[in-house]
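First the structure, in the form of structure tokens, and then the observations on it.
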Amino acid sequence: DGDRINVGKHTLVFSFDERHEEHQIREPEPEPEPKKKKKNKKKEGNPNPGIPLSEQERKEYEDVIATLQQKISGLREELRREKEKVVKLQSKIADLELAEHAANRMAIDANSRLVQLVEQAMKMQELVTGALTLLSEAKIDSVLHQKEKMALIAELEAVREQLGKLRVLGQERVAKEAAYEEIERALDIAAKSGRSTTAQFTETIEALRGLGIKKKEKEEKGGEG
1 DGDRINVGKH TLVFSFDERH EEHQIREPEP EPEPKKKKKN KKKEGNPNPG
51 IPLSEQERKE YEDVIATLQQ KISGLREELR REKEKVVKLQ SKIADLELAE
101 HAANRMAIDA NSRLVQLVEQ AMKMQELVTG ALTLLSEAKI DSVLHQKEKM
151 ALIAELEAVR EQLGKLRVLG QERVAKEAAY EEIERALDIA AKSGRSTTAQ
201 FTETIEALRG LGIKKKEKEE KGGEG
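The working numbering puts the first residue of the sequence shown at 1, with every later residue one more than the last.
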């Protein structure tokens, strides 16, 4: 047909006509568009929206909704009860903490009170001992008064014995607590001075060994002479 030249989207076709020596330009034929594939659309929703629900179907849906509402109400009630339990538990924990602080305070007060009781027992024991001394030295001629005197002495001696026991128990308790504190203090000191003590012990052992070697050398030299 002639020569073809591509220019952009156009194709120029040159043909020679013997009758008319002229160039002819024609547009290329449009290419056919590719066919689009049809997508399978899924049907959604009610296939027949125009058809109303039957009475039985509506009743079933209402029953399901009512059941769900009952379950939700039950869960809310259960959650409310659990929250109440948590609040009560928190209150109990707070009460226990207060009780613990009070117990610690009472223990401190009890120890202080124990020391005071020991001191009071000692003073009362001294007073009873003094009263017994006065009664023993008192001269009573009447037999009736003499019996009363002996009964009073026996009573005072029993009181003095009880005071003595209380004093001993209190002193032991106080002494134990003081001993525990003393032991803890001694352990702290021992832990701090442990290294220096070990070093001193090692030096002492080395010095003793040195003395033993020197003594042995002297004995050997003396034997040779």
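Every residue, glycine too, gets a C-beta built ideally from N, C-alpha and C.
Here the structure is a predicted model, which is why all the values come from computation and not from measurement.
- Closest by C-alpha distance to residue 119, out of 133, 159 and 163, is 163.
- Fewer than three Cβ pairs drawn from the region 115-133 and the region 87-95 lie within less than 8 Å of each other, which leaves the two stretches out of contact.
- At a Cβ-Cβ threshold of 8 Å, residue 153 and residue 134 do not count as neighbours.
- Taken through DSSP and simplified to helix, strand or coil, residue 165 comes out as helix.
- Its Cα nearest to that of residue 165, the residue 124 stands out among 146, 76 and 124.
- The alpha-carbon of residue 106 is positioned some 10 Å away from that of residue 99.
- In summary, residue 74 is exposed, with fewer than 16 beta-carbon neighbours lying within 10 Å of its beta-carbon over all protein chains present.
- Take residue 61, set aside five residues on each side of it, and the residues of its chain with a beta-carbon closer than 8 Å to its own are 53, in chain order.
- In the three-state reduction of the DSSP assignment, residue 91 falls in the helix class.
- Sequence-distant Cβ neighbours of residue 84 in its own chain, meaning closer than 6 Å and more than five residues away, do not exist here.
- Separation of the CB atoms of residue 128 and residue 168 is rounded to 15 Å, and the pair is thereby denied contact status at 8 Å.
- Counting other Cβ atoms within 10 Å of its Cβ, residue 130 stays below 16 and is therefore classed as exposed.
- Collapsing the DSSP output to three states places residue 123 in a helix.
- Our two residues, residue 176 and residue 149, have alpha carbons roughly 40 Å apart in a direct line.
- Assignment of residue 136 by DSSP, reduced to helix, strand and coil, places it in the helix class.
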